[in-house]
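Presented below is the structure to which this report refers.
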Amino acid sequence: MTSFSAINYQSLIDSIDQEREAKYQRYSREIESLIGRNSENLHALVRIIPYMMGMEASLISAKADVVFKTFDRYWTLFQIQNDIEDVRFYDSSNLLLAKWGNFEADDYRDNLLLDHIHEVNLHEQPATLMICVESCTQYIIEPLLVEGRRVGSMVIGSSLVDVFLNFKRASGSDIGLFIKRSSMPGHTDETPNNGGMSIPDWGVHVAALTDSKKNFAILKKTAMAYPELKDINQGIQNKWNSRYHQIKLLPLQGIRIADQAQLVIIMEVTDIVRAIQDSVWRIVVIGLGSLLLSGIILFSILSRSLSLLKHLVSIMPLLAGGGFVRFRNSLDSGWKKRFFKDEIDLLQEASLALSQKLENLEEKVAYRTKMLVSQRDELSKEKVFIENLLDTAQVIILTQDLSGKIVVLNAYGEMLTRYSESELRGRYFLELLAPDSEQYNLDRHLLEIRQSQRDQLRHEAVVLCKDDSKRHIAWLHSRLTWQSKDDPSAILSVGLDITEYKRVEGHLAWLADHDPLTNLYNRRRFSEELEQILAWAERYQHPGALLFFDLDRFKFVNDTSGHQAGDAMLKMVADMLSRTIRTADIAGRLGGDEFAIILPEITPNAAVEVAKKILGCLSETQLTLHGRTHSISASIGIAIFPEHGNNVHDLLAAADLAMYQAKEIGRGTWHVYSSIDQARERVHTLVYWKEKIEHAHAHNQFLLYLQPILSLSDNRVYRYEILLRMRDDDGTIHLPAAFIQAAEHTGLIHKIDHMVLRRAIALAARINQTGNSPIGLSINLSAHAFNDPELLPAINQALSTWQIDPSLLIFEITETAALDNLPGTRNLLRELKQLGCGFVLDDFGVGFSSFYYLRELPVDAVKIDGSFIRNLASNPDDLILVSALCTVAKGFGKKITAEFVENQEVLNILSKMDVDFAQGYHVGTPVPAEEIFPDKTK
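Remember, the working numbering sits 406 above the position in the sequence shown when you count from 1.
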């Protein structure tokens, strides 16, 4: 009942508060509506002024005396009928023509009006504003149009008296206007008088107030009780002459400064307060009566239960002493069973069950105590194991307290730092580390861990050991989540010794910039240095030179004495360069036997002298190894910068061209790059294709094309010839004739041979993995392949990698290649024949020694040169020659292939002869290998 009374009272208060808030919101809307209607009336009044007698002409004249004289006869009428307090006329240039008003001169009012006059004249849009000084005046500013011309603007101001009176009549509540005293300089009135009223405690002047005598007294009393004006923003209640009033501030819309003027609403709520008081008394009486009645009823109900509960409490200590049986006996003796059970009966049953469970629990505790003793022994063993593990772990393990001081250090940490645990205990962890600019905020990060702002921290630091040595340690700091009085450790720090790793890392960084064989800069670092020197030379206008050279007959040294001799020769050249060039000069090994030297701040003549000096030193140097002596010479190309190029690529290209020109002149000499060299175009072409070959090799832009070889016995294809193509960056496909000569001249032909062999064997393995009819591939070998000691090992490795039948591979050699090195050709062919590979003698019949090679070389087949086949149908001489060639080849037991078969007529003739295979555009054009045998794994 008491709760109901409290809820009823609270509901009443909430309802009254909601009703009062709704009334204030309605008052606020009503005031805004009244001010809005007053503004509309002023707008309507302004619009009729130009049509008053005489006003149109006077406004057009824009003369102050004319305007004043014309409107002055209307001014009194405006004051009386419309309660107008201020009228002003401005011309289109914002100049005041005439004004009438009840206000004294005020700069604040005049400047504010003038700002709005400027905006109205500029945009020809009316404006509305509220100005509060001694009182609040509502102003309307409208542009004046006469006969379609803009003649200026008019300002008309009206007081809010009518607004307040209308509000009083509409709402029945009183309303007043507060103006901050700060906007009224010099005003000190504190009591009501004919000029106005002020309330000093609130710092406001009461500009208007309905029923002013009574309400001003109410406000004065309220100000004494609430000296801060902000206290009545939410509304307060005050008692005056045994009457209750609600007082609340409302904002006045439209003024420039939000709290310069405010409205105050005074609403009498005496009836509502007295109604609340009556309701409270009724609620209190009802609540007290209900509480007394409830207590009597509750006592009658609980008296027996309380006595039983007292008995239960008196025997409860028996449970603490382990007297479970006595507890149950005492409980049963003082309890009588009833048919209807209440909560006390349930408590008695629960107590009996509790005693039984406690007895069982005590037995379990005894058992578990025994188990805990056993587990304690196990934990002791584990602790010893962990301590041994920490001491034997090959990492530094230490702990820090909340101040960053070392608490514990393991044995490995003692061994590595040469400090004992006792020497480091109590020292700050940061004292172990060497000063490092990268660790400037490490103390802040460790503090974050100690303050639980982060869980872990990883960093590397140099540890200063006791013997002055330094160790690079990678640290991992972790926050310990447990705390103990005996162990103040807050951070676990684990350090891994990475000193050796850092040494290797530094060596790798050195390797990234240097050639490990000669210790000179590699191509990448050399290009970076050249780029910097070119920029420096361009900025300070200092010329320089680039020397580019390779060693003459270096491949011969490698082939005859092995790569060990070649490496020794490269080291000797590098050592010689280090002793010969200036300290400011930069030397580098760009690859293979290619070297380059940057000579900054040097004249062309001096650069030539350096080249001569290098050539002289090389001529004095000899390499003797395994009983063989090799002389060393080089061809040096010289390019001057910025004359011959202002970027790395152009300058290297120019020096490369000059080097090839030096080789043309004669090995072991030098040449300065010149744009008018007669051989420049040819050398430029050579360098151009050399760069393209290297680029294509690096970016896998060499393509394998396949051309079918037709078996004339059953018109089926069992073999394809592999033809090499090079794809340019713009998609252009180059034939071998465009780049093979450059590859042979620059020594890149061996790379091409090895690349074609590896890819061809891989292709043969892929297309024959299905187990269907075997497909063979014919591979062309260049003339230089027979002088390549690495060719046979490369073939062996590829065959071993892909595990294919060597008989699927047939190598084609030309008579020209055989003629260059007949013994080498014979040996290579015999070794490959032992592997199981086949051979075809290409271009058969074009040389006088074709039959000799047919006898001397272990070839399996011949390919009749296409010059005899192309016109076979129209040239009887070719028919006789081909027939004779077939007879000889068959006599030696060789298979015969005819190339350049370009029409059906030639194919029909060949079918009637002893020719086994046909190849040519009529049989099939060369196409990319992927089109015939697509790679399904991609």
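Even for Gly, the Cβ is constructed at its ideal location relative to N, Cα and C.
Just so you know, these numbers come straight off a predicted model, no measurement behind them.
Any beta carbon of chain D sitting closer than 7 Å to that of residue i?
i     : result
I1286 : Among the protein chains of the structure shown there is no chain D, as only one such chain exists.
Pick from the options: whose alpha carbon is nearest that of residue i?
i     : options                       : result
S499  : K469, S984 and D478           : K469
Q754  : V1288, V771, L767 and S736    : S736
L902  : R885, P922, H865 and D919     : H865
I403  : G582, G609, K787 and I689     : Nothing can be reported for residue 403: it is not among the residues displayed for the chain, which extend from 407 to 1344.
A428  : I486, G641 and E553           : G641
R1131 : I585, I441, P1334 and R435    : P1334
D874  : R824, I1286 and P1229         : R824
S579  : I1201, T616, L566 and N517    : T616
V1246 : I939, R1122 and V1265         : V1265
H1190 : I1216, G1137, I1155 and E1305 : I1155
I1185 : Y1111, R1122, Q1147 and D1136 : Y1111
T1138 : L1058, L1109 and Q668         : L1109
S648  : Y632, T676 and S1117          : T676
H719  : T476, K620 and F733           : Note that residue 719 is Val in the sequence shown here, rather than His. Taking only the C-alpha atoms, the option nearest V719 is F733.
I1315 : R1276, C871, E944 and G1072   : R1276
To the nearest angstrom, report how far apart residue i and residue j are at their CA atoms.
i     : j     : result
W646  : T628  : 9 Å
S1206 : E1100 : 27 Å
A1171 : K1300 : 27 Å
R929  : G997  : 7 Å
S685  : I422  : 13 Å
Q544  : L519  : 12 Å
E634  : R860  : 48 Å
S445  : I490  : 12 Å
K770  : S761  : 14 Å
E784  : V790  : 10 Å
S467  : L503  : 11 Å
G592  : K626  : Unreliable positioning characterises G592 in this predicted model, as indicated by a pLDDT of 47, which lies under 50. The coordinate reading is nonetheless provided below. Roughly 21 Å between the two C-alpha positions.
T1152 : K961  : 11 Å
L1029 : L1197 : 26 Å
S786  : A915  : 50 Å
V979  : E1070 : 22 Å
Q1209 : Q1113 : 24 Å
L712  : A772  : 36 Å
T1091 : D1062 : 12 Å
T594  : H611  : Caution is warranted here: a pLDDT of 46 is assigned to T594, below 50, making its placement in the model unreliable, and the coordinate value is therefore given only provisionally. T594 and H611: Cα-Cα distance of roughly 9 Å.
Determine the contact status of residue i and residue j, defining contact as a CB-CB distance below 7 Å.
i     : j     : result
S464  : V452  : no
L936  : V1014 : no
H1077 : G1043 : yes
V1268 : I1302 : yes
G950  : F835  : no
L725  : L764  : yes
I523  : Y496  : yes
L1263 : L1235 : yes
L1187 : P1212 : no
G994  : L1058 : no
L1183 : I1128 : yes
E1305 : Q1325 : yes
H883  : S895  : no
What residue does the alpha helix (DSSP H) around residue i start on, and which one ends it?
i     : result
I466  : M461 to S467
C1023 : P1010 to S1025
K475  : A470 to N488
F622  : S618 to A631
W916  : T905 to D919
Y818  : A817 to T823
A1171 : I1155 to I1173
L737  : F730 to S739
A1064 : V1054 to I1071
At which residues does the beta strand (DSSP E) containing residue i begin and terminate?
i     : result
E866  : Q862 to L870
N1351 : The structure shown does not extend to residue 1351, since the chain is modelled only from 407 to 1344, so the question has no answer here.
L724  : Run containing L724: none in the beta strand (DSSP E); it sits in the alpha helix (DSSP H), P723 to A726.
W1208 : Counting along the chain, W1208 falls outside any beta strand (DSSP E), though it belongs to the alpha helix (DSSP H) covering L1197 to W1208.
F1339 : From DSSP, F1339 is part of no beta strand (DSSP E); its letter is neither H nor E.
- Message: List, from N- to C-terminal side, the beta strand (DSSP E) runs of 3 residues or more that fit wholly inside the segment 1293 to 1337.
- Response: For the segment 1293 to 1337, whole beta strand (DSSP E) runs of length 3 or above, ordered along the chain, are 1301 to 1304.
- Considering only residues of the segment 493 to 539, which uninterrupted beta strand (DSSP E) runs meet the minimum length of 3 residues and lie entirely inside it, listed in chain order? Segments of the beta strand (DSSP E) lying fully in the segment 493 to 539: 502 to 507 and 533 to 538.
- Mind listing, in chain order, the continuous beta strand (DSSP E) runs of no fewer than 3 residues lying wholly within the segment 941 to 989? Unbroken beta strand (DSSP E) runs of no fewer than 3 residues, entirely contained in the segment 941 to 989, are found at 950 to 957, following chain order.
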